[in-house]
Every structure is written in C-alpha cells, then in structure tokens.
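Everything below concerns the one structure shown next.
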Amino acid sequence: MIRTLLALIAGALALVLALPAMLVALGLWIVRAITARLADAAAPQLVEGDPFVQFDPEVGWTPRPNLSTHATDLNGDFFHFTTDQDGWRGRGAVEDADVVVFGDSFAFGFGIDDAAFYGNLGREFAIKAVGAPGYNMVQALHWMHALAPKIAGKTLVWFLYPPNDLEDNVRPSMLRYRTPFIRERKGGNGWEKVTHHLSEEPWPFPSRKRHFENYVEICSDSDLSRRVFRASDVLIREAADLARSLECGLVVATVPELSPLAQRQLEEARRQPGAGDGFDASRPDQRIGRTCADLGIPFVALADELSAADYLEKDVHWNAEGHRKVHDVLRRIWTERPPPPSPAEAPEQAQPAARDRPMTRADV
Amino acid sequence: MITLPTHAQRHWVTAFAKALTALLLVSYAILGAGFTWLLSSGSPMVGAGVGAALGVVMSALLFATAGARRRSYDLWVRMSRRVSSTLAAYLTRLLFGVVAVAGLGGSKFELQRPRGASTNWQPKRPVPAEAYGSQHGLPDVPGKGWVRAYVSWGFKGGGVWILFVLPLIAMLGWVQTQEKGSFGGNIYTLY
Chain A
1 MIRTLLALIA
11 GALALVLALP
21 AMLVALGLWI
31 VRAITARLAD
41 AAAPQLVEGD
51 PFVQFDPEVG
61 WTPRPNLSTH
71 ATDLNGDFFH
81 FTTDQDGWRG
91 RGAVEDADVV
101 VFGDSFAFGF
111 GIDDAAFYGN
121 LGREFAIKAV
131 GAPGYNMVQA
141 LHWMHALAPK
151 IAGKTLVWFL
161 YPPNDLEDNV
171 RPSMLRYRTP
181 FIRERKGGNG
191 WEKVTHHLSE
201 EPWPFPSRKR
211 HFENYVEICS
221 DSDLSRRVFR
231 ASDVLIREAA
241 DLARSLECGL
251 VVATVPELSP
261 LAQRQLEEAR
271 RQPGAGDGFD
281 ASRPDQRIGR
291 TCADLGIPFV
301 ALADELSAAD
311 YLEKDVHWNA
321 EGHRKVHDVL
331 RRIWTERPPP
341 PSPAEAPEQA
351 QPAARDRPMT
361 RADV
Chain B
365 MITLPTHAQR
375 HWVTAFAKAL
385 TALLLVSYAI
395 LGAGFTWLLS
405 SGSPMVGAGV
415 GAALGVVMSA
425 LLFATAGARR
435 RSYDLWVRMS
445 RRVSSTLAAY
455 LTRLLFGVVA
465 VAGLGGSKFE
475 LQRPRGASTN
485 WQPKRPVPAE
495 AYGSQHGLPD
505 VPGKGWVRAY
515 VSWGFKGGGV
525 WILFVLPLIA
535 MLGWVQTQEK
545 GSFGGNIYTL
555 Y
C-alpha cells in the first residue's frame, strides 16, 4: 500500500516534469505526421516484380510491352517510364529512329522519368533505346541481330558499362537471373554463345560478387581481366561485322562509374587485402578503345563528358543532367553520321554452342 | 515516433519541404496577427497576411533547390534524432526516479529463508504453452498491444504501483527512435 502511495506521488510529479519534454516531442511529431501523410499521398502505384520484365527464352528477359508505370531506383525513389509495343523506351518505333541505342540499364534509362530520359529529349532526331536493366553485351548483340531488318542503314550506339557488363558476358547469370553468355571452346578453338541454361528458374549460384571486387580485378593485370577483354573483343567484332553488313554506323560508348554511391563501394573493394595491384581505372576505356580503333569503330568514353554531378545521389545511374549530356553526345554522333565499320582482319566470332551439354564449373 | 527516416526517398524529402512550408506559413501568420494585435499597429488580418508571406519567403529560401531540400531534411533528421535521444534519456531518468521512490516502500522479494523453513525454493506452476517467450509469464494477445498485458501482470503480480509508471513508459516509447541504424545493401534487382 505504501509503495502504491509513493509511486502515485512520484508518478504525478514525474508527469509534471515530463510535460516540457512532451511539448518538444509534440512539435517534432507534428512535422513527422504531416510529412508521413504527404509522403504516403505522393507515393504512386508501383509495378515491381514480374510485371516490370518478362522471361524471354532467347535473351533471358525483356521489359514488358506497353507499360506506363512507376518503378523504384536503388534508393527506392520513384521514376515513371513507358515502353512501346516491343518493350523499348523512346519515342516511335525502332524502324523510325535515327539513332538506335543498345545496352543495359543505362541504355534503358533506369532511375529517370520519361520527361528527362535522353531518348525523349529534343525533336531534332529520333532515338530508340533497345536496352534493359541487367543486360550484358551478349544480350545487346542478340537484339542487334534480331532487329537487323529494322536497323539497317541507321546509326547504332552501344553503351557499355564496364563495371558489370564485361564480367557478365562470361557468366551464366546476372545475380540470380540466367543470361546468355559466351565461353571459349576447349582447345582455344574460338568462342561460343551459350543459351541452353536459360529458364525462369533462379540460377542457384552467385555468378559474380555483388559489388566491385571483380571490377577491381578487371582494371588490374589479371587473368580475369584478360579473359573478359578477349570476350568483349569477340562481341564488338561481331557487332562491327553486323553493322558493316547492314551499312550501319556503329559507335561504342563506355559508361563511366562516377556515382558517389559506387565510388564508395569501389574504394572499399580496392582496400581489400591483395586487391588493386596494378589497378588502373582507365584500363577498360583504353582496352575497348583500342579494339574499336582496330575495327574502325568510333569510340566515345563518356568519362570525358560526364562528372559525378550527373549521377543520382544514391543510385549508380544518371540523373536528369546526365541524360541531357548523353543526349548531346548522341546528337553529335548523329550529326557526324559515322560510316559503317571498315573490314577487320582475322574475325573471331562467337558461334552457337555446338551441343547442348550441361555446363560444368570448368566451362564458366 | 517523432523522427523522420534517415535514409529517405525523394518523395519523403519533398513531403517534408511541403509540411515545413505549411507549418511556417501558419505559424508566421499567427505570429503576425498576434504582433499587430498586441502593438495595435493595424488589422490582425493584414499582420497574418504579412506573416504568411514571410513564411513563404523563408521556405522558398530553405527549399529553393533539390540539394537545399535534401540538406534541410538531413539537418532536421540529425537534429530530431539528437532531441529524441535527449528526451528519451530524460524520461528514463524520471522513470527510474519513480521506481526508486516506490522502492522506498519496501520490496516483495524474499531474499532470506523464512524462519523454520528448510528451503526458500517454491514450486513454480507451469505457464501456458502460448506464454513461452513472453516476458511476463502470460500469453501475448495478438493485436491487443502490450498495455493490456502490462496492466494484467501488475494486478496479478500484486504490483499495482507499476501502473503509475505506465504513462512514462508510453512516453518513452513515443519519443524513442524506432529506426534501425542499418539499411539494405545495394542489391540490384530486376523484378
């Protein structure tokens, strides 16, 4: 009883003493409550999960056609995008475009609203983006072949994103998504394209490390580096041959990784024990640039055009200013109208897998 | 919860700017009306209008660009988290103060073996299976919240005095930041 009485008195006194604290908390709570209400009201209807992309037995996945929807970027920020009847972004159809861009999420315009997307800026010339998040170069090349009748005579621009495109070319999956890839035939007898493993089932093993550990290796003098650049040479050469046969101008443009988010991860990866010996961030540009020069393909290092300010704050993709600059680069390319690539020597192309045998670890 | 999410998406930042603009507008309008009324220097309505205009100008300065909005938001989050932890520490001290004062009235704990008894151990009745894991030996009723269980435990355990601590616990729960210090990694997902 005495305890209850003491607690009653002490509790009442404590409530009086707590009152100023509650008034301060009330002020903060009002701001929080109004902000949360407005944020909830502003959140658009999201399409995530399977509705965003669909399985494709030849190329792994494609963006769904006829979308007009919101998705979220890596920070969870919304962006609105639309796709045409074939699943591609950009105004008009592929056959009506002046410039056709191939590539991955940068070509797709991941993280940016339609209004600021490079493919929708300006009316001077028409740009079509044939790209999807997560695509490697094998998938981009697939679409060049598949759309050959529609892109003949046009200017083709191929966006390469070295931090993951190069390695994904030789891996059977992009994280858990099965992708077509290329591998060297045993005995050094050229390269072959592998697609027999494609299905909707998630790939059971992680194909590559999640952040930039392997990219550090690629930018260094390593076996992985030599292997992925040999693979990219094969793919670029094949694209050059195709462009020549279609009388298309082909430009290869490398997308630099300048976003603050990725820079932090890259620095962390470089600090790992044993990592970064002989690291040269410009190695991919130099190596791919040299290949393009050999094949007579104009090469653009977007590192010369973009800066960290052109990237989203908490995502590795471009912001509106970045898209505007990329559009300017495309306009310059379109104005110059590059000729078809000159004939190359000693072609080494990726052929379809000779037989549909199960892959082993040694293969990949 | 009185703090905003630390790792906020753009629409949260925009919503914060709008909320603070509205609050600045209203509070400056009230201040403006109050001053003109106190100083008898004109119509309170005019004072309210001038105050509201000042509020809008101030918010325009604060939230002029996306970068400024983000910086203001981050500043607010840092400030509110600091205030939140200070308030929580203050309320915790008050709470323990009440417990200490109640403790002056004696404890129910029997630390000595009763005279004539051979042991101080007592048989423990088994708790219901659904109460396993519960901190108070009673089943947690889903959707009923912790207050009901707390009050019930106070009455059954003979510690009615704990009811006078309840408001302080509730306040503590309100001002404490529930947000965990970690956020999802950079997992690149397609679907």
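Respectively, the protein sequence lines represent chains A and B.
What the first sequence shows, in this note's numbering, is residues 1 to 364, in sequence order.
What the second sequence shows, in this note's numbering, is residues 365 to 555, in sequence order.
Think of the CB as a built atom: it goes at the ideal place given N, C-alpha and C, for glycine as much as any other residue.
Residue i versus the options, residue with shortest Cα-Cα distance
i	options	result
Thr450 of chain B	A:Arg230, A:Gly60, A:Tyr311 and A:Ala21	A:Ala21
Leu166 of chain A	A:Ile112, A:Thr254 and A:Leu8	A:Thr254
Gly470 of chain B	A:Gly122, A:His196 and A:Thr4	A:Thr4
Leu302 of chain A	A:Pro338, A:Ala107 and A:Thr335	A:Ala107
His70 of chain A	A:Gly60, A:Phe110 and A:Ala36	A:Phe110
Ser199 of chain A	A:Glu217, A:Val53, A:Asp285 and A:Gly60	A:Gly60
Ala14 of chain A	B:Leu368, B:Val414, B:Pro487 and B:Pro531	B:Pro531
Ala115 of chain A	A:His323, A:Arg332, A:Glu336 and A:Asp328	A:His323
Ala12 of chain A	B:Leu527, B:Gln542, B:Thr541 and B:Trp538	B:Leu527
Arg185 of chain A	A:Leu8, A:Arg230 and A:Arg178	A:Arg230
Pro206 of chain A	A:Ala97, A:Arg176, A:Cys248 and A:His145	A:Arg176
Ala170 of chain A	A:Phe55, A:Ser68, A:Leu242 and A:Asp223	Just to set this straight, residue 170 of chain A is Val in the shown sequence, not Ala. Closest by alpha carbon: A:Asp223.
Ala424 of chain B	B:Gly523, B:Gln540, B:Ser482 and B:Ala383	B:Ala383
Pro180 of chain A	A:Phe79, A:Tyr118 and A:Pro57	A:Pro57
Pro133 of chain A	A:Phe102, A:Lys150 and A:His145	A:Phe102
Ser173 of chain A	A:Val157, A:Trp143, A:Tyr135 and A:Lys150	A:Tyr135
Trp444 of chain B	A:Trp29, A:Arg123 and A:Gln54	According to the sequence shown, residue 444 of chain B is Ser rather than Trp. Out of A:Trp29, A:Arg123 and A:Gln54, A:Trp29 has the C-alpha closest to the C-alpha of Ser444 of chain B.
Collapsed DSSP secondary structure at residue i in the structure displayed
i	result
His80 of chain A	strand
Val491 of chain B	coil
Met174 of chain A	strand
Ile526 of chain B	helix
Val216 of chain A	helix
Ala129 of chain A	strand
Pro63 of chain A	strand
Asn550 of chain B	With a pLDDT of 43 at Asn550 of chain B, under the threshold of 50, the predicted position of this residue should be treated as unreliable, though the coordinate-derived value follows. If DSSP states are grouped into helix, strand and coil, Asn550 of chain B belongs with coil.
Phe229 of chain A	helix
Ala309 of chain A	helix
Met137 of chain A	helix
Phe299 of chain A	strand
Arg271 of chain A	coil
Trp158 of chain A	strand
Ala146 of chain A	helix
Val99 of chain A	strand
Pro503 of chain B	coil
Asp304 of chain A	helix
Pro358 of chain A	Reliability of the predicted coordinates at Pro358 of chain A is poor, the pLDDT of 37 falling under 50, and the value obtained from them is presented with this limitation in mind. Pro358 of chain A: coil per DSSP, three-state reduction.
Start and end residues, alpha helix (DSSP H) containing residue i
i	result
Thr450 of chain B	Ala430 to Gly467
Phe380 of chain B	Arg374 to Leu403
Trp485 of chain B	Trp485 of chain B -> no alpha helix (DSSP H), and no H or E assigned at all.
Asp285 of chain A	Arg283 to Leu295
Glu167 of chain A	Pro162 to Asp168
Ala513 of chain B	Gly509 to Lys520
Thr335 of chain A	Ala320 to Glu336
Ala36 of chain A	Ile2 to Ala42
Phe108 of chain A	Ser105 to Phe108
Residues near residue i in its chain [Cβ-Cβ closer than 6 Å; skip 5 each side]
i	result
Tyr215 of chain A	Pro163
Ala152 of chain A	Leu246
Arg244 of chain A	Pro340 and Pro341
Thr291 of chain A	Asp233 and Ile236
Phe380 of chain B	Tyr437
Val329 of chain A	Glu305
Lys314 of chain A	Asn75 and Leu261
Proximity below 8 Å, CB of residue i to CB of residue j
i	j	result
Asp73 of chain A	Leu258 of chain A	no
Gly87 of chain A	Arg64 of chain A	yes
Met422 of chain B	Leu387 of chain B	no
Val529 of chain B	Leu439 of chain B	no
Thr367 of chain B	Ser448 of chain B	yes
Thr155 of chain A	Cys248 of chain A	yes
Residue span of the beta strand (DSSP E) that contains residue i, given as start and end
i	result
Ser68 of chain A	Ser68 to Thr72
Gly415 of chain B	First-last for Gly415 of chain B: Pro408 to Leu426, but that is the alpha helix (DSSP H), not the beta strand (DSSP E).
Ile182 of chain A	Phe181 to Glu184
Glu192 of chain A	Trp191 to Val194
Gly92 of chain A	From DSSP, Gly92 of chain A is part of no beta strand (DSSP E); its letter is neither H nor E.
Asp56 of chain A	Val53 to Asp56
Ala253 of chain A	Gly249 to Thr254
Beta-carbon proximity list for residue i, same chain, < 7 Å, skipping 5 on both sides
i	result
Asn66 of chain A	Thr83 and Gln85
Gln542 of chain B	Met365
Tyr392 of chain B	Gly415, Ala416, Leu418 and Gly419
8 Å Cβ shell around residue i - same chain, five flanking residues per side excluded
i	result
Leu295 of chain A	Ile236, Arg237, Ala240, Pro341, Ser342 and Ala344
His142 of chain A	Glu58, Val59 and Pro180
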